[in-house]
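Quick notes on the structure that follows.
Protein chains in written order, with our numbering: chain A, 1 to 1035; chain B, 1036 to 1178.
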């Protein structure tokens, strides 16, 4: 056969094809080496440091874990401990909780067997680590009704947990019950079909019925929708919205109520559910909000249920009877530009979002409207479709707005197994009026040990000046918070808070064009929640239930002072960095107010006319020429031929390396010398290779590292890759577990515990960095909750900028103490998952600055230092350096890509906040939709994504070298990124000898072997052909 | 003049037609939709056109070609198609990574570009398979 040329001819082609396949595979594997490592659990590179004199000083950041066992146990211990503080007791009639430690329980609901452990996209819980609810409960001593369990077990028989859509590992959720338009609750008939005797052991396990209702959430490209649009066919709910209980869930609850004296409901959702019907049901004895508990969190749930710990969490979002009636919901979802199709696809133009509710999101709306009604300022009259009936359904006729019909549980609500008395001891507004000192004493007046949260709120005057210049004021706003230690019965603790009064200031974009403070009366109040604090303020203003208050307040818990004089536009007009604060987002290309482009389009909600200004849906808008220019993402032409001779790139005369700059200040004079060594090409290569990756910059000795997505721990890496100070764990192979084990970030915020959040940053982000050698962790997530319907809320903290900002700030501080280069995400206004990539977000500058940006600012300043840290000398070095990294958002800020919005990126973040760190886009790559050249001009240091889109033809030194501004930006951005990395774990263990060596992984061996084998076979076939041909010729 | 093709000859025709169709998909995905306006690599076009020309020569002038020239044309056409396929595929790796790595973060136009590219690459594979069949076969035209 092999004497025939056709055989050799054919084999040549076949082996050539396989050779090309092998070359392609090799090329792709090396391009995406870090991702391949994450997928296969391999290490294809290692950092090698020779012994040297400075070896002992090289490890700036120390991990707590020297082995995989220690790491596994450390993460687990913290996750359980954190979880215990993150569950909010919403209702507890007749002390239904706690249960006895060995209580015999019957679990109801499909979520009682398969709860939502965490996000289903982005920071998903580690399925390998997850301890299931029934195992955790049993391990803690509860005895569970086996007949009911077996029914659910039968339903899930043969089903497997899913895998994450991105990242690695196992996602502990079943696809069959994961939907945004159907709670997927089983009916009683279905249960009977699964186990005819599912109800036979009610009496034997009758200490309590535990009913679990849940809703999934995560980074998933879509959201919950209100009304019938949000419900699958056949799904009916109490309020008509998917966030309230479905008929099937109600039936399960009725079954529990009918057969048990004690019914406890667990709310297993991070989207605030509409649970007015549960709150008002006298047969529901207790409601515990558990959010997403994480991999080990059901131990913590059991610990709360059995009273091992007293619940101490408080809601960080208002729970409305019908969240779809929040003014923010009037503009939500997919609202396309009428002329979206006229833009090129790579400009990524789709829809817009006009946030006509202004500052009135969450509790700010409900409490302010309530206060205005009590104070006689109007607001009671409401049009059909804008307010709720007593049962939470939408009122379909004009009528009266009633707080009791709107709010189930106010922001800050949370009960305990004990009682506390909080006394406002002292308030001192300090001389400059920029800060205040507030002292509160908390006493445990009950019979159980527990922690108490001090919530400090403020009220500012709403003046004629405000009305004239369209400045809105919330009737109550959170100013600061602290959590006590665990107080034994009778024990007291006094805490003094240093309150930043800049957070009282309002942004006046029309007249003063800066932050102002009105002259008039100001109130501080403590309270059990926002509504209670407001009632205390209203009491201080002489109001009672006779004026329509829901309860009488306690004026003794308030402090009133007067800001003398008229409008003060000076005190808060300069940032802590010494930069004058003025309009950044009201005019020009960076404007966020749609009226700046399309005058008269939007009317923003105002407390001066609640009903008349209640938002309408702004749909059908077409981008005009001004908007179209911005939406097209090509804003600033590249210059050519400019004199750049004085700018130094690629200087080879200096011996300075990044290692010499370890821990250096941003203003260190040596940066100029080091930055001058970097070539333009090196910067461009670094910036375009940033998908979970820190590219090497050889000229300054920066090595290449992997990075990973957070914020709940590493998305893709496992303890099998763990190491301690450069040495792989000896027991790594025995611990195939991840670090995504803690409760959802939203749970953390609901703990209202700054110290715990700092520890979360240290362990969940910081130790992930050290154990897995990931200098950059993308997190924490700090976008605000605009309303209840965004499915990604679990990854963020709260609706309130102070709760979110201070929790996020604490996480950042903890993470950075371990060398983690955080990437706070997402700057800014990533308010919904629907069309998140490309959506144009519009709002007033007042809203932008007082909510989302005030929130983010806390992480950069840094703000919110815990009182315990302030009082502890050993903590003096904390909160001295703000966040060193940020990730921009997918959405546009106004009409331009976020990284190309000069107002936010430069004027506010870089200048006002003095942010000098790493700024990366969110999975855009170097593509038109990210406005790459404008983004470089405005401080972007890297573009996360897969390389350079072919349409970006200027991504080379030659194209940029004639534009002086661009080259200066390249140098500035190089300074930013090197400074951030020099102050991170990227330099941990690095000394003059440190270098990277490739490791011969099995997949490298495989592709090299395949290339070698097929190359040889091709050659053999060619030779064989030649011989066969000669032989044929002879014949 | 009528050329009577063997199965091998028809295989060359299938390869040429498939390659042409694959090229059309390469051009469509490069010049319209998500990748429109991007710099299109000319190499897949050159390789494909050259391969098709070689295939036409093989079909139309098979009897005039020496056995050595026939072998060369068959192998060269196959290798050119393999090269075109590889260049086409490597040019779409970013697209694949974008769509499949973070599967909820791409515009529909990007998915369309990828799907059309996959169809195009599949057509190239058909063309390559057809050329491999030809390479193992004896004659292209009947005597």
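We treat Cβ as the ideally placed atom computed from N, Cα and C, and that holds for glycine.
- Distance from residue 131(A) to residue 299(A) at the Cβ level is roughly 7 Å; contact confirmed, criterion being Cβ atoms closer than 8 Å.
- Closer than 9 Å at the C-beta level to chain B, one finds these residues of the segment 335–369 of chain A: 344, 345, 346, 348, 350.
- Annotated three-state conformation of residue 568(A) is strand, per DSSP.
- Residue 497(A) has 438(A) as its beta-bridge partners, per DSSP.
- The shortest CA-to-CA distance from residue 1003(A) to any of 68(A), 324(A), 41(A) is the one to 41(A).
- Selection 554(A), 96(A), 172(A), 202(A) evaluated against residue 129(A) yields 172(A) as nearest (Cα-Cα).
- Counting only the Cα atoms, residue 629(A) lies some 12 Å from residue 894(A).
- When the Cα atoms are used, residue 303(A) and residue 338(A) turn out to be separated by approximately 54 Å.
- In this chain, the alpha helix (DSSP H) harbouring residue 968(A) covers 964–982.
- Taking 9 Å as the CB threshold, residue 1172(B) lines the interface with chain A.
- For residue 1101(B), there are no C-beta contacts with chain A under 9 Å, since the nearest C-beta of that chain is about 11 Å from it.
- When CB distances to chain B are screened at a threshold of 8 Å, the residues of the segment 17–48 of chain A falling below it are 17, 20, 23, 24, 27, 28, 31, 32, 35, in chain order.
- In the DSSP annotation of this structure, the continuous segment of the beta strand (DSSP E) that includes residue 108(A) starts and ends at 104–108.
- Under a 10 Å Cβ-count criterion, residue 1047(B) is classified as buried, with 16 or more other Cβ atoms of the shown protein chains found around its own Cβ.
- Annotated as distal: residue 289(A) and residue 448(A), with beta-carbon spacing of 9 Å or more.
- Secondary-structure assignment with DSSP links residue 561(A) through a beta bridge to 522(A).
- A check of alpha carbon separations from residue 1159(B) across 1057(B), 1144(B), 1062(B) identifies 1057(B) as the nearest.
- Beta-bridge analysis with DSSP links residue 995(A) to 48(A).
- Assigned with DSSP and collapsed to three states, residue 817(A) falls in coil, not helix or strand.
- Taking 9 Å as the CB threshold, residue 1087(B) stays off the interface with chain A.
- Note on residue 1038(B): under 16 other CB atoms within 10 angstroms of its CB, so exposed under the neighbour-count rule.
- Against residue 1069(B), the close residues of chain A are 345, 346, in the order they occur along the chain (beta-carbon pairs closer than 7 Å).
- Pairing residue 240(A) with residue 407(A) gives a Cβ-Cβ distance that is not under 9 Å.
- For residue 920(A), the three-state secondary structure derived from DSSP is strand.
- By the CB criterion at 9 Å, residue 657(A) and residue 701(A) fall inside the cutoff.
- Going by DSSP, residue 264(A) is part of the beta strand (DSSP E) stretching over 263–269.
- The alpha carbon of residue 515(A) has as its nearest neighbour, out of 21(A), 548(A), 912(A), the alpha carbon of 912(A).
- Residue 751(A) sits buried, since 16 or more C-beta atoms from the chains shown fall within 10 Å of its C-beta.
- Within 8 Å of the CB of residue 1142(B), the CB atoms of chain A belong to 345, 348, 350, 837, 838, in sequence order along the chain.
- For residue 408(A), the enclosing beta strand (DSSP E) covers residues 407–409.
- Listed in chain order, the non-local C-beta contacts of residue 34(A) below 7 Å within the same chain comprise 692, 693, 706, local neighbours out to five positions each way being set aside.
- Under the three-state reduction of DSSP, residue 366(A) is assigned to helix.
- Counting the other Cβ atoms within 10 Å of the Cβ of residue 94(A) gives fewer than 16, which makes it exposed.
- According to the DSSP assignment, residue 426(A) belongs to the beta strand (DSSP E) that extends over 420–429.
- Taking C-beta separations shorter than 8 Å and ignoring five residues to either side along the sequence, the partners of residue 74(A) in its chain run 64, 65, 763, 767, following chain order.
- For the pair residue 8(A) and residue 949(A), the Cα-to-Cα distance works out to about 41 Å.
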